[in-house]
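The block underneath contains the structure these notes are about, expressed in C-alpha cells.
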Amino acid sequence: MADLTTRLGALTLPNPVMTASGCAANGRELHRFFDLTDLGAFVTKTVMADPRSGRPTPRMAETSSGMLNSIGLQGPGIAAFLDKDLTWLHSIGARVVVSIAGNTAAEFAEVARALASHPSFACVVAVEINISCPNVANRGLVFACDPMSSSTVVGLVHQELPPGTPTFAKLTPDVTDIVAIADAALQAGATGLTMINTLLGIVIDTDRLRPQLAGITGGLSGPAIRPVAVRAIWQVAGAMREGRIDTAPIIGVGGIRTGLDALELIAAGASAVQVGTATFNDPSAPRRVRDELDAALDARALTLADAVGIAHRRKVQL
Ligand code: SIN
118 MADLTTRLGA
128 LTLPNPVMTA
138 SGCAANGREL
148 HRFFDLTDLG
158 AFVTKTVMAD
168 PRSGRPTPRM
178 AETSSGMLNS
188 IGLQGPGIAA
198 FLDKDLTWLH
208 SIGARVVVSI
218 AGNTAAEFAE
228 VARALASHPS
238 FACVVAVEIN
248 ISCPNVANRG
258 LVFACDPMSS
268 STVVGLVHQE
278 LPPGTPTFAK
288 LTPDVTDIVA
298 IADAALQAGA
308 TGLTMINTLL
318 GIVIDTDRLR
328 PQLAGITGGL
338 SGPAIRPVAV
348 RAIWQVAGAM
358 REGRIDTAPI
368 IGVGGIRTGL
378 DALELIAAGA
388 SAVQVGTATF
398 NDPSAPRRVR
408 DELDAALDAR
418 ALTLADAVGI
428 AHRRKVQL
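Mind the numbering: the sequence shown is residues 118 to 435 in this note's numbering, read in order.
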C-alpha cells in the first residue's frame with residue numbers, strides 16, 4: 118500500500134480522495150454504498166442562506182462524454198442543512214468540507230457565520246467557497262470571473278470563520294486568466310483552491326430543435342473536461358512553482374473516473390482530488406478511485422506526496 122496521506126496547508130487527511138460538491142447530496146445515499154469515513158473528506162452540496170428550489174426542469178442533459186446540469190443551487194438553506202445534514206455527518210464521524218455560496222458577498226459571509234456557530238462545525242475540516250457556480254441568472258454573479266469579486270467574497274468569509282479554518286476557493290475555467298483569479302483568492306486569505314467547476318455549455322434537442330435544458334445553459338462535467346482541469350491545475354501550479362503567485366494546496370476536480378485519472382490531476386499539481394459525475398453511474402466510484410490510486414502509486418513506488426506536481430519536474434526539455 119502506498120502512503121496516501123495528504124497535507125493541505127495545516128490540514129492533514131489520511132487520503133486525498135473526496136466527493137465533488139453536488140454529486141452525492143449530503144452523504145446519506147452514498148453512505149449506503151460505503152463508509153464515508155473511508156474518504157479523505159466528504160464535500161457537501163453547496164448551501165446558501167435560504168431554501169431554494171433551483172432552476173426549472175429539465176435541468177440535466179447527457180452528452181456523449183459527460184453531462185450538463187442546470188440545478189441552480191437547489192438546497193434546504195443553511196439552518197436546515199446544519200440541523201439535519203451536518204449533524205448527521207458529524208454523528209457518523211465524517212471529515213466534512215462544507216461548500217457554501219451566496220447571491221451576494223454578504224450572503225456568503227452570512228452562511229459562513231451560521232456554519233461556524235453550529236456545534237457540528239467540529240466535524241468541518243474545511244470550507245469550500247463556491248464562487249464559480251455557472252447556473253445563476255446573471256453571469257455577473259459568477260464571482261470567480263472577476264479577481265476583485267473573488268477577493269471580496271473570500272475576505273468576507275474569512276472574517277466569519279475561526280482563525281485557521283482551511284478554506285478553498287472553487288474556480289471556473291471559463292475565464293481568460295485563471296492564474297489571476299487564483300492569485301486574488303489566495304491574496305484574500307484562501308488556504309487553497311479547488312479547480313475546476315463545470316464549463317458553461319448548451320445542448321440542443323435535435324428532434325424539437327430547441328435547448329434541452331429549461332435554463333438553456335448548464336455546467337458540463339464528466340470525462341470531456343478532464344484535460345481542461347489538468348490544464349488549469351498545471352497553469353496555476355506552474356505559476357506557484359515559478360514564484361508568480363503564493364504557493365498553496367490545490368484540490369483537483371473534473372472528469373475523474375479512475376485512479377489513473379486522479380493521478381493525472383495529482384501529477385499536474387493537485388494535492389487532493391474530488392470525484393463527481395462518475396458517482397452517478399457508480400456510487401462506489403470515490404472509494405474505488407482511492408483504491409486504484411493507491412495501486413497506481415504503489416506500482417510506481419511513489420507516495421502521494423512524491424506524486425504531487427511530479428509532471429512539472431519531468432516535462433520534456435526543449
Ligand atoms: C448547481 O447547483 O447549479 C451546480 C453548482 C455548481 O456547479 O457550482
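The beta-carbon is built from N, C-alpha and C at its ideal position, and this holds for glycine as well.
Output the boundary residues of the alpha helix (DSSP H) element that contains residue i.
i, result
"Asn-252", "Element bounds for Asn-252: n/a, residue is neither H nor E."
"Val-134", "Unbroken run through Val-134 is the beta strand (DSSP E), 134-136; no alpha helix (DSSP H)."
"Leu-125", "That residue, Leu-125, is in no alpha helix (DSSP H); its beta strand (DSSP E) goes 123-125."
"Leu-380", "376-385"
"Phe-260", "Run containing Phe-260: none; DSSP gives neither H nor E here."
"Val-406", "402-416"
"Asn-398", "395-398"
"Thr-154", "First-last for Thr-154: undefined, no H or E at that position."
"Asp-423", "421-424"
"Ile-298", "295-304"
Under three-state DSSP, which class holds residue i?
i, result
"Met-265", "helix"
"Val-213", "strand"
"Met-357", "helix"
"Arg-325", "coil"
"Val-446", "Because the chain spans 118 through 435 in this model, residue 446 falls outside it and cannot be assessed."
"Thr-311", "strand"
"Ala-196", "helix"
"Ala-169", "Looking at the sequence shown, residue 169 is not Ala but Arg. Three-state result, Arg-169: strand."
"Gly-147", "For clarity, residue 147 is Leu in the given sequence; the question names Gly instead. Residue state, collapsed to three classes: helix."
"Ser-237", "helix"
"Gly-332", "coil"
"Ser-187", "coil"
"Leu-316", "strand"
"Val-160", "strand"
In whole angstroms, what is the alpha-carbon distance linking residue i and residue j?
i, j, result
"Thr-287", "Leu-278", "With the sequence shown as reference, residue 287 is identified as Lys, and Thr is not the correct amino acid for it. Distance between the alpha carbons of Lys-287 and Leu-278: 17 Å."
"Ala-127", "Ile-373", "26 Å"
"Pro-131", "Gly-139", "23 Å"
"Gly-189", "Asp-291", "18 Å"
"Gly-453", "Glu-381", "An answer regarding residue 453 cannot be provided, because it is not within the stretch 118 to 435 covered by the chain."
"Ser-267", "Ile-362", "16 Å"
"Glu-367", "Thr-375", "What sits at residue 367 in the sequence shown is Ile, not Glu. Near 19 Å, if we compare the C-alpha coordinates of Thr-375 and Ile-367."
"Asn-314", "Thr-163", "12 Å"
"Leu-443", "Ala-428", "Here the chain covers residues 118 to 435 and nothing more, so residue 443 does not appear."
"Arg-145", "Gln-434", "48 Å"
"Asp-324", "Leu-203", "43 Å"
"Val-213", "Ile-319", "32 Å"
"Ala-356", "Ala-387", "13 Å"
"Pro-193", "Leu-206", "16 Å"
How close, in whole Å, do the beta carbons of residue i and residue j come, if the pair is a contact with beta carbons under 8 Å?
i, j, result
"Phe-159", "Ser-401", "Their Cβ separation, rounded to whole angstroms, is 14 Å, which puts Phe-159 and Ser-401 out of contact at 8 Å."
"Leu-147", "Thr-136", "7 Å"
"Asp-411", "Met-118", "6 Å"
"Ser-187", "Asn-252", "5 Å"
"Ala-226", "Leu-273", "4 Å"
"Ala-299", "Cys-250", "Incorrect: roughly 18 Å between the Cβ atoms, too far for contact."
"Ala-166", "Leu-199", "Ala-166 to Leu-199, Cβ: 12 Å. No contact."
"Pro-403", "Thr-394", "Incorrect: roughly 12 Å between the Cβ atoms, too far for contact."
Over the uninterrupted beta strand (DSSP E) stretch that includes residue i, give me the two end residues.
i, result
"Ala-285", "As written in the sequence, residue 285 is Phe, which differs from the Ala given in the question. Per DSSP, Phe-285 belongs to the beta strand (DSSP E) from 284-288."
"Val-244", "241-247"
"Thr-180", "177-180"
"Val-370", "367-370"
"Thr-129", "128-130"
Answer yes or no: does any C-beta atom of chain B fall closer than 7 Å to that of residue i?
i, result
"Ile-209", "The chain labelled as chain B is not found in the depicted structure, where only one protein chain is given."
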